[in-house]
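Inspection log for the structure reproduced underneath, given as structure tokens.
Protein chains: 2
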Amino acid sequence: MNYKIDNLQYCKWSREVFQINRDAGLDAVHVTVVYHEDYDEFLDRVTEWDSHFKENSDLIFQGKSFKDIEKAKKENKTAIFFGFQNCSPIEDDLGLIEKVYEKGCRFMQLTYNNQSLLATGCYEKNDSGVTNFGKEAIKEMNRLGIVIDMSHSAEKSTLDAIDISQKPIAITHANPSFWHNALRNKSDKLLKALAKSNGMLGLSLYAHHLKDGTNCKLESFCEMVAKTAEIVGVDNLGIGSDLCLNQPDSVVEWMRNGTWANTQNFGEGSKKKPGFPKQPGWFVDARGFKNLEIGLKKIGFNVGEINKILGNNWYNFYKGIN
Amino acid sequence: MNYKIDNLQYCKWSREVFQINRDAGLDAVHVTVVYHEDYDEFLDRVTEWDSHFKENSDLIFQGKSFKDIEKAKKENKTAIFFGFQNCSPIEDDLGLIEKVYEKGCRFMQLTYNNQSLLATGCYEKNDSGVTNFGKEAIKEMNRLGIVIDMSHSAEKSTLDAIDISQKPIAITHANPSFWHNALRNKSDKLLKALAKSNGMLGLSLYAHHLKDGTNCKLESFCEMVAKTAEIVGVDNLGIGSDLCLNQPDSVVEWMRNGTWANTQNFGEGSKKKPGFPKQPGWFVDARGFKNLEIGLKKIGFNVGEINKILGNNWYNFYKGIN
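Chains H and U supply the protein sequences, listed in that same order.
Read the first sequence against our numbering and you will find it ends at 463, with the numbers running on by one and no gaps.
Read the second sequence against our numbering and you will find it ends at 463, with the numbers running on by one and no gaps.
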């Protein structure tokens, strides 16, 4: 059986988006439910998702384990797995990790771009690695079955997390920096350590993570996938598109600046281009998986390898979470 | 006019304690109102203090500027200034700094022992210094008039804070490590940088910060004060006793472990001595100021210098806060 999985989306959720994901044949999507929300605000997001599940029960349902990916395949639906892009909902309370797990959280970034209580983000000047609280949190996440996601973390923190975690970790949405040297992309050294620990890299389709941004060519992306497979192996690669369909620019501003800055940070954008960047034409939404399939074939991957990259690797990774 | 100021106490507050502070002749006390409380919990502490002020209005009132120290002197009362030993009440929201200022917060530690969103605590393995959010917070604290207190912070973070802050900072309660090499005490290098920026060091009477702990001799303490005065100058020294009168041991356990640890941290104590340490006999409460006066005289300080150390220096520092 082959599965198609997009392991990171943060769209403005609507029936239209769920339908697009179905049209793309996605059996599972890891969705970001919170960035900087605290615990109570996370519960509000869960309530919103409960409505989505109720109103679109013919298209989606909440996924909690790999079995829900199998179920989704059988029922022609998409299993939605909850994840956090910052650790804000657990506040300073180890006990809240179990609470968010019970509500379905299966992925949690230890940091967004800045320093958190757990680790250092990739936009800080200095990286002190995983903190005292971070070590306790990793242990608890391992115990429960929440994946440690280091997509937005700094390098030493990520290497620490790989080292400390008893289970493989994930970088759900980023690309290798050898291809495009953005702060959010990852070094060869880090990718090798990730792969050695059986961790997963979800390749991103967000324009700021792509060589030539919006103008990135499908060929260039697929060449990068081939080179990355040489570094990490074809079993450790998946897709985490980072699609933010229909989100207004106010959302990316909040993602970057939360409530902690008077000085505006433009993240991977710039003062001239502060908003969400335009997607490349061959991946405007998840239906672009079809183009990836074509491109990966052209670059020389065989069908089995393509199926791994487009979902089977994530499916196998999910099997090891709990 | 001479003022007597204890610039750090965290007692189990009661009329008895306020009376002791009056008997000691204290014109002002900087009290810790929160450690790890969030903003709403801070408001609860303020409500509790409102009751203390109402019920003990013959002994205490809330201080908000140096003028309240003068008023306290005139009225034979003690002005109580609010401070935080962690930045938890401002959560991840720069806007809350003005809110806590309005409620009377005049000192805030950027960290307790662990990593915070603003800086690194002295119990972390690595110290990445003041964070992106920390830089914004310092600017805001400077603007409003909240003193940056680095008593529990790691060295690089403290040097960063001295460097970044446009106003002198304080270490309200710690001792020099040349005398007693505890994690919480401070290096000569740091003390020199502090003094050069007109910052204040409040000398601590907490047994874990003292050479020989509970058995520390008054002579030894006063010798340390004399040597420290040689390093930082007699104008940059005050007292921050760190008195925790009548607090149960459950409080020190919470201070050290909050809600973020399954593995118990004993802080400056140990598994065998997990509780609050006993005070030395010559400083069981603030009435020990009298003994300090005697000891400092004996070691060779003149009356003017003693008055500076026991309060006038803090009074002058308060003049520069707003």
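Don't be surprised by glycine CBs; every beta carbon is placed ideally from N, CA and C.
This structure is a prediction, so every number in the text was calculated from the model and none was measured.
Q) Helix, strand or coil: how does DSSP classify Met-282 (chain U) here? A) helix
Q. Which residues, in order along the stretch 266 to 294 of chain U, keep a beta-carbon less than 7 angstroms from a beta-carbon of chain H?
A. Asn-267, Asp-268, Ser-269, Gly-270, Thr-272, Asn-273, Phe-274 and Glu-277
Q: Quick one: grab the DSSP three-state call for Pro-230 (chain H).
A: helix
Q.
Let me confirm a value: Asn-443 (chain H) is counted as buried when at least 16 other C-beta atoms fall within 10 Å, else exposed. Which label applies?
A. exposed
Q | From H:Asn-454, H:Lys-145, H:Asn-322 and H:Leu-258, residue whose alpha carbon lies closest to that of Phe-274 (chain U) | A | H:Leu-258
Q) Secondary structure at His-349 (chain H), three-state DSSP: helix, strand or coil? A) helix
Q: Since I believe Lys-308 (chain H) is in contact with Gly-461 (chain H) (beta carbons under 8 angstroms), could you give me their beta-carbon distance rounded to a whole number of angstroms?
A: 7 angstroms
Q: Mind checking who Cys-246 (chain H) pairs with in its DSSP beta bridge?
A: H:Phe-223
Q: Could you tell me whether the Cβ atoms of Ala-302 (chain H) and Leu-251 (chain H) are closer together than 8 angstroms?
A: yes
Q) If we cut at 8 angstroms on Cβ distances, does Leu-342 (chain U) have a partner in chain H? A) no
(Q) Considering only their Cβ atoms, is the gap separating Gly-286 (chain U) from Asn-463 (chain U) smaller than 8 angstroms? (A) yes
Q: Report yes or no: do three or more beta-carbon pairs, one from the stretch 365 to 384 of chain H and one from the stretch 148 to 156 of chain H, lie closer than 8 angstroms?
A: yes
Q | 6 angstroms Cβ shell around Leu-433 (chain U) - same chain, five flanking residues per side excluded | A | none
Q: Determine the chain U residues that contact Asn-403 (chain H) at a beta-carbon separation under 7 angstroms, and present them in chain order.
A: Leu-235 and Glu-277
Q | beta strand (DSSP E) segment containing Phe-202 (chain U), residue limits | A | 201 to 203
**Q.** Strand pairing of Val-170 (chain H), partner residues [DSSP]
**A.** H:Asp-147 and H:Ile-221
Q: Closer than 6 angstroms by C-beta to Thr-369 (chain H): which residues in its own chain qualify, once you throw out the five before and the five after it? Chain order, please.
A: Pro-317
Q) What residues of chain H sit near Gly-399 (chain U), judged by a beta carbon separation below 7 angstroms? A) Asp-233
Q.
Let me see if you follow: with CB-CB separation under 8 angstroms, is Ser-411 (chain H) close to chain U or not?
A. no
Q: For Lys-327 (chain U), write down the residues that DSSP places opposite it in a beta bridge.
A: U:Pro-317
Q) How is the alpha helix (DSSP H) around Met-341 (chain U) delimited, first residue to last? A) Counting along the chain, Met-341 (chain U) falls outside any alpha helix (DSSP H), though it belongs to the beta strand (DSSP E) covering 341 to 344.
Q. Rounded to a whole number of angstroms, what is the C-alpha to C-alpha distance between Asn-276 (chain U) and Ser-298 (chain U)?
A. Reading off the sequence shown, one finds Lys at residue 276 (chain U), where the question assumed Asn. Going by the C-alpha atoms only, they are around 11 angstroms apart.
Q) Are the CB atoms of Asp-499 (chain H) and Glu-239 (chain H) nearer to each other than 8 angstroms? A) Outside the shown range of chain H, which is 142 to 463, sits residue 499 (chain H), and nothing can be said about it.
Q: Take Glu-446 (chain H) and list the residues in its own chain whose beta-carbon comes closer than 7 angstroms to its own, dropping the five residues that flank it on each side.
A: Val-375
**Q.** Glu-265 (chain U) Cβ short of 7 angstroms to the ligand SAM heavy atom set
**A.** Among the components of this structure there are no ligands whatsoever, and the ligand SAM is therefore not found.
Q | Beta bridge counterpart(s) of Asp-290 (chain H) as assigned by DSSP | A | H:Gln-250 and H:Ala-311
**Q.** Same chain only: Cβ atoms within 6 angstroms of Arg-397 (chain U), ignoring 5 sequence neighbours per side
**A.** Asn-406 and Gly-408
Q) Along chain H, in chain order, which residues have C-beta atoms closer than 8 angstroms to that of Leu-258 (chain U)? A) Asn-255, Gln-256, Ser-257, Leu-258 and Trp-401
Q: Excluding the 5 residues preceding and the 5 following Leu-324 (chain H) in the sequence, name in chain order all residues of the same chain whose CB lies nearer than 6 angstroms to its CB.
A: Cys-263
Q: Taking Glu-360 (chain H) as the reference, give the member of H:Asn-453, H:Val-271, H:Trp-320 and H:Cys-246 with the closest Cα.
A: H:Trp-320
Q | Same chain, Cβ closer than 7 angstroms to Asn-162 (chain H), neighbours up to 5 away in sequence not counted | A | Val-170, Thr-219 and Ala-427
Q) How many angstroms separate the CA atom of Leu-332 (chain H) from the CA atom of Val-373 (chain H)? A) 6 angstroms
Q. Applying a beta-carbon distance threshold of less than 8 angstroms, which residues of chain U neighbour Ser-229 (chain H)?
A. Asp-233
Q.
Can you give me the C-alpha to C-alpha distance between Tyr-176 (chain H) and Ala-311 (chain H), rounded to a whole angstrom?
A. 17 angstroms
Q: Could you tell me the boundaries of the beta strand (DSSP E) in which Leu-378 (chain H) lies?
A: 378 to 380
(Q) On the DSSP letters alone, give me the boundaries of the alpha helix (DSSP H) that Asp-301 (chain U) sits inside. (A) 296 to 305
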